[in-house]
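Just so you know, the sequence shown maps onto residues 1 to 163 in full-length UniProt numbering.
Have a look at the structure below, then the notes.
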Amino acid sequence: MGVLRIDRATYDAVVAHARKDHPDEACGVVAGPEGTERPERFVPMLNAARSPTFYEFDSADLLALYRDMDDRDEWPVVVYHSHTATEAYPSRTDIGYASGPAADPRTHYVLVSTRHHGPRTGLAGDDVEFRSYRIVDGEVSEEEVEIVESYLFGHSPTTVVYD
1 MGVLRIDRAT YDAVVAHARK DHPDEACGVV AGPEGTERPE RFVPMLNAAR
51 SPTFYEFDSA DLLALYRDMD DRDEWPVVVY HSHTATEAYP SRTDIGYASG
101 PAADPRTHYV LVSTRHHGPR TGLAGDDVEF RSYRIVDGEV SEEEVEIVES
151 YLFGHSPTTV VYD
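What follows is the structure, given as C-alpha cells:
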C-alpha cells in the first residue's frame, strides 16, 4: 500500500475548498517539485461543469496550469475533487479521467466526501472522508494518508536535529 504524505495546511485547504463549493463538486491540483512526492502548491480550480454529480476542469485553465507547472519544474502530485452525495471512492468517470492518455501513474487521486457534512466549518465531530488512491490502467488502489504538520521538520519530531 502506498502513502500520501500531505501537510496540514494543504489538507485543510482541500477540505475547505470541498466545503465551500458544496453542493457542487470541487476540484483542483496540488503541485510539487518534479522528482519528489511532496504536494506543496495548492491550486483550486473551477469545476467548469458546476455540477453536484461530476467535475470537469476548464480546458483553458488546465492548459495554463500545466504550462505554469512546467515553468516551475513541477508536476501534479495530487489531483483532487469532492463527492457531494456519495462516499470518497472513485466513480467509473473518475477512473476514466485518471486512466486517460495524459494521466501520470505517479499522481495521487484524492477524494473528499461532503455527503454528510456539507459546508460545515470543521468543528469537533465534523470529520470528512479524505481518501487517496493510485489509479493506473483503470486499476484503483487505495493508499494511506499521512498528515504531517510541516515538511520543514519531516513527519516525526525524532527526525529533527538541533545544533
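Every residue, glycine too, gets a C-beta built ideally from N, C-alpha and C.
Computed from a predicted model, the values in this text were never measured in an experiment.
Put simply, the backbone Cα of Glu34 is about 12 Å away from that of Thr107.
Rounded to the nearest whole angstrom, the CA to CA distance from Ala48 to Glu25 is 10 Å. For the set His116, Arg115, Ala98, Thr86, the Cα lying nearest the Cα of Tyr133 is the one of Ala98.
Boundaries of the alpha helix (DSSP H) harbouring Gly96: 92-98, taken from the DSSP string. Look at the stretch 44-101 and you find these whole runs of beta strand (DSSP E), each 3 residues long or longer: 74-83. Taking Pro101 as reference, the option from Ala9, Asp137, Glu142, Val110 with the minimal CA-CA separation is Asp137. In this structure, the straight-line span from the alpha carbon of Pro105 to that of Tyr89 is close to 18 Å.
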